[in-house]
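K.L.:
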């Protein structure tokens, strides 16, 4: 009632236009910093699971000792074929993967690349180009190359598209590129090649067809994955883990979040943004309170309680946080697009992140406001009268 | 000759500091101000005038002798008392972010029984009363010193307080506007029947007073019956 009548907080903030703009710029900057840091973090996690998203299947089997795509432990393909006996399972596809060296055909330099081998009867990926080129990888020593691999592997896609015969050395074996697809580099791999399971064991002499890394399970239409998963867990010994596709994605993200410095680095960056913002808002509010100290003392002399003045300062803090968030958010959308174009990272604004940062901005301003309140206490009417 | 006293002080002592630094500011001060009376208190700087004013205005809690319940009063009670008193400061102390009218309304907002519309009407009316009818929606920085002080008077009187306290209200004004301002206070105070206590150094305004009191070294040393206009 008292607060609504004359919006003192709003009037005081908008009275000093330049100061308001500077304050909003500072808060917007902190908001951008937080949104960018959290965005980078999520984008990096997201980039590590592009392969997972493309998997054509509802459930996967992996070894309980596997950590991530970069550190997989093999298990017997027997376990995967066993699942065909479980109700609801329609088809399975064994996937083998390993890292080896790819020789850049132009510079003759080698670089580590991720090789995936699978049964060419059916593509385990939702990638039409892979589907169309299954015939190619049935041939001996023919692979499909990821055109979104890093440039260091050579301009393979350009050579292939020009109709050149692209032949190079992988793992010391001569292979030919029989087709292209688009997936993208991730933390684990700078580049990817796909081939048949047979070609895979040709490339990796230590591996056999019976030892696989991921068992992909496709379910019959309309069955509940959760129920089949329960059935599989009951039917299989505990030398394999059954995961749904979302669980498999989360499993990979968790690895990068908890076992690497990424989570820490970007959380630290976000914290820095928060602290910078808090300091800026505190400075603004402190100056504002100092400027109005005589006025606040006057209000106290007129019979206003300290709580009224506290409310004014906290309202100013809230208004600042929301007003500063809006331009920060808008600018960040542009920066996200800029980053997407420059780095091919899957950096998109999500609702939960925008909400998280809005809350952080509000907390930031309220914390600064609370510190600035001590200055309000100093507005003693007995001293100014 | 029997208007009741709205301010009554008996044997008021006041100290600043504590321990060895404790210093007595007011000594055995007693006075009464009757309803509708305009009293001017003069005295040299540091004599304790302002301290007495802040005690009467409930800006500090009294230590001894404040005949009323204000002795060592809790903040909440002080706040209640403050709402019944109008203040006029040496510097006008208007809120820069508010218009003249909003400044006046601020003084009504502590009284929850006054609606927003009433508050606006009363503020506009009293601004007309102080001759600022054309300056209602103007910000303080656009007003002259005298005009600002008139807004401050309007703010002090709009809630129709029983007591108005003014601390050097003319200090920042030239002779003409200073006298206008005090004459206005006198006129409004008489209309509303409220008592006014003015602390001042300014001898040019003594003529408005019904009674003069003089403070020296913390003692109300002399009480002149009536001011003699120059």
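Protein chains in written order, with the working numbering: chain A, 1 to 385; chain B, 386 to 615.
Here a beta-carbon is modelled for each residue, glycine too, at the ideal position from N, C-alpha and C.
Do residue 171 of chain A and residue 271 of chain A have their CB atoms nearer than 7 Å?
P.N.:
It is not a contact, given that the beta carbons lie outside the stated cut-off.
K.L.:
Nearest chain B C-beta to residue 15 of chain A closer than 7 Å, yes or no?
P.N.:
Yes, contact with chain B.
K.L.:
Whose C-alpha, out of B/545, B/583, B/416 and B/496, is nearest the C-alpha of residue 604 of chain B?
P.N.:
The candidate whose alpha carbon is nearest that of residue 604 of chain B is B/416.
K.L.:
Within 10 angstroms of the Cβ of residue 344 of chain A, are there 16 or more other Cβ atoms? Answer buried if so, exposed if not.
P.N.:
Classification of residue 344 of chain A: exposed, given that the 10 Å Cβ count is below 16.
K.L.:
Looking at C-beta atoms only, is the number of pairs between the segment 182-200 of chain A and the segment 217-231 of chain A that lie closer than 8 Å three or more?
P.N.:
Segments in contact, no.
K.L.:
Taking 7 Å as the threshold (beta carbon to beta carbon), is residue 582 of chain B in contact with chain A?
P.N.:
It does not: the Cβ of residue 582 of chain B has no partner Cβ on chain A nearer than 7 Å.
K.L.:
Please identify, using Cβ separations under 7 Å, the residues of the segment 275-298 of chain A that lie next to chain B, in order along the chain.
P.N.:
Taking 7 Å as the Cβ-Cβ cut-off against chain B, the residues of the segment 275-298 of chain A that qualify are 294, 295 and 298.
K.L.:
Alpha helix (DSSP H) containing residue 305 of chain A: first to last residue?
P.N.:
No alpha helix (DSSP H) holds residue 305 of chain A; DSSP gives it neither H nor E.
K.L.:
Among A/305, A/9, A/43 and A/64, which one has its Cα closest to the Cα of residue 444 of chain B?
P.N.:
Closest option to residue 444 of chain B, Cα to Cα, is A/305.
K.L.:
Specify, as a first and last residue, the run of the alpha helix (DSSP H) that residue 291 of chain A falls within.
P.N.:
Element bounds for residue 291 of chain A: 262-291.
K.L.:
So, is the C-beta of residue 381 of chain A closer than 7 Å to a C-beta in chain B?
P.N.:
Interface residue, yes.
K.L.:
Can you tell me the Cα-Cα spacing of residue 98 of chain A and residue 262 of chain A, whole angstroms?
P.N.:
Answer to the nearest angstrom: the Cα atoms are 24 Å apart.
K.L.:
Output, in chain order, the set of chain A residues within a Cβ distance shorter than 9 Å of residue 398 of chain B.
P.N.:
What residue 398 of chain B touches in chain A: nothing, since even the nearest Cβ is about 17 Å away.
K.L.:
Using a C-beta to C-beta distance shorter than 8 Å, which residues of chain B count as neighbours of residue 378 of chain A?
P.N.:
Those within 8 Å of residue 378 of chain A in chain B number zero; the least Cβ separation is about 15 Å.
K.L.:
Between which two residues does the beta strand (DSSP E) harbouring residue 15 of chain A extend?
P.N.:
From DSSP, residue 15 of chain A is part of no beta strand (DSSP E) but of the alpha helix (DSSP H) over 8-15.
K.L.:
Using the beta-carbon of each residue, which ones in chain A are nearer than 7 Å to residue 426 of chain B?
P.N.:
Those do not exist, as residue 426 of chain B stays about 14 Å from chain A at its closest Cβ, beyond 7 Å.
K.L.:
Go ahead and label residue 422 of chain B buried or exposed: buried means 16 or more other beta carbons lie within 10 angstroms of its beta carbon, across all protein chains shown.
P.N.:
Label assigned to residue 422 of chain B: buried.
K.L.:
Of the residues A/200, A/53 and A/19, which one's Cα is nearest the Cα of residue 175 of chain A?
P.N.:
Ranking A/200, A/53 and A/19 by Cα distance to residue 175 of chain A puts A/200 first.
K.L.:
Can you check which of these residues, A/342, A/255, A/246 and A/381, is closest to residue 53 of chain A by C-alpha distance?
P.N.:
Comparing Cα-Cα distances from residue 53 of chain A to each of A/342, A/255, A/246 and A/381, the minimum goes to A/246.
K.L.:
Within the 7 Å Cβ cut-off, does residue 11 of chain A reach chain B?
P.N.:
Chain B, which has a Cβ nearer than 7 Å to the Cβ of residue 11 of chain A, makes this yes.
K.L.:
Mind pulling the alpha helix (DSSP H) runs of 4 or more residues that sit fully within the segment 127-169 of chain A?
P.N.:
Within the segment 127-169 of chain A, the complete alpha helix (DSSP H) runs of at least 4 residues are 128-132, 134-138 and 156-161.
K.L.:
Note down, in chain order, every chain A residue with its Cβ under 7 Å from the Cβ of residue 492 of chain B.
P.N.:
In chain order: 302.
K.L.:
For the alpha helix (DSSP H) holding residue 255 of chain A, just list the boundary residues, first then last.
P.N.:
Residues 245-258.
K.L.:
Take residue 177 of chain A as the anchor and find which of A/210, A/74, A/158 and A/356 has the nearest alpha-carbon.
P.N.:
Measuring from the Cα of residue 177 of chain A, the nearest candidate turns out to be A/158.
K.L.:
Could you have a look at residue 110 of chain A and say whether DSSP puts it in helix, strand or coil?
P.N.:
Strand.
K.L.:
Would you say residue 6 of chain A reaches chain B, if we count a Cβ-Cβ gap shorter than 7 Å as a contact?
P.N.:
Closer than 7 Å: yes.
K.L.:
I'd like the span of the alpha helix (DSSP H) that includes residue 225 of chain A, first residue to last.
P.N.:
Note, residue 225 of chain A: alpha helix (DSSP H), 225-235.
K.L.:
Can you tell me which of B/583, B/593 and B/516 puts its alpha carbon nearest to the alpha carbon of residue 427 of chain B?
P.N.:
When each option's Cα is compared against that of residue 427 of chain B, the closest is B/583.
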